[in-house]
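All remarks here apply to the structure that follows.
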Amino acid sequence: MRRPKKYRRRRIPWFVILLGIFVAVIVGGIAFYENQQAGYNFPFPCLSEVANYHVHPYLRIVIDGQNITIPAAIGIVNPQYQNGIARGGTCFEPLHTHDATGIIHVESAGNTNYTLSEFFQIWNDTYHSITLGGVNHPVVFSNTDILGFRADSTHRIVLLVDGQPSSEYQSLVLSKLDYCSSAGQSIPPCYPTAGGDPAYGGIAYPYGTGHTIVIEYLSTS
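Here it is as structure tokens:
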């Protein structure tokens with residue numbers, strides 16, 4: 109009676125295993141090094157799909173009557189500039205800026221309710237601080253703090269949406285607040301980076317355009 113043959117499980121050669129580990133360490137090390145060198149810790153993956161949703165909210169920040177410049181290239185890694193405009197880069201967050209007009213580009217493959225708080229988080233991850241009057245200020249926003257200017261007995265922070273006070277503050281959803289349209293594509297702040305109507309998954313944008321968002325730090329007196 110013939111005994112059935114015993115099949116030995118083939119072992120992967122040790123040098124193949126070592127080679128795989130070596131490659132993984134090198135690739136991971138390069139990615140970690142590049143991330144550390146860039147200094148970014150973004151909350152979302154880089155955009156890698158077709159942006160079926162593309163909306164342009166308009167944000168202004170006013171501190172004691174002075175307009176604060178919101179910088180270009182928020183949410184863009186290794187930005188490539190042309191005439192002061194960040195046209196290219198190696199990574200784009202779903203919330204980013206191309207210029208310093210205050211126009212925020214909200215882009216995604218699906219309908220995601222990105223918030224004002226998430227924009228400030230990406231801004232902070234990009235630049236870490238903002239210099240105002242020669243002094244570095246933190247990039248923060250809440251109902252009690254805007255860029256290090258805190259609400260107190262003599263000051264308050266107001267969020268205005270379309271000119272009306274809003275209590276949403278950090279939770280304000282940006283995708284419903286497009287400002288730009290094809291009618292104003294040649295007029296700042298939409299020109300030169302946000303011309304055209306909002307894209308909303310192949311259907312007409314249901315919220316209208318021309319919306320404004322203003323964060324004000326005001327004296328209570």
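In the working numbering, the protein residues as written are 109 to 329.
We put the beta carbon where it would ideally sit given N, CA and C, even for glycine.
For residue 172, the three-state secondary structure derived from DSSP is coil. Cβ contact annotation for residue 289 (same chain, cutoff 7 Å, sequence separation greater than five): 305 and 317, in chain order.
Between residue 265 and residue 325, the C-beta gap is smaller than 8 Å, which places the two residues in contact. Contact annotation: residue 267 and residue 280 have beta-carbon atoms nearer than 8 Å. When only Cα atoms are considered, residue 198 and residue 323 end up about 31 Å apart.
Closest in alpha carbon position to residue 171, among 257, 278, 321 and 285, is 257. For residue 326, the uninterrupted beta strand (DSSP E) run begins and ends at 321-327, by DSSP.
By the beta-carbon neighbour count (other beta carbons within 10 angstroms, threshold 16), residue 287 is buried.
By the Cβ test, the stretch 186-206 is in contact with the stretch 220-234, since at least three Cβ pairs between them sit closer than 8 Å.
Straight through space, the alpha carbons of residue 273 and residue 250 are spaced by roughly 14 Å.
In the three-state reduction of the DSSP assignment, residue 234 falls in the helix class.
For residue 256, the three-state secondary structure derived from DSSP is coil. Going by DSSP, residue 210 is part of no beta strand (DSSP E) at all; its letter is neither H nor E. The beta carbons of residue 159 and residue 217 sit closer together than 8 Å.
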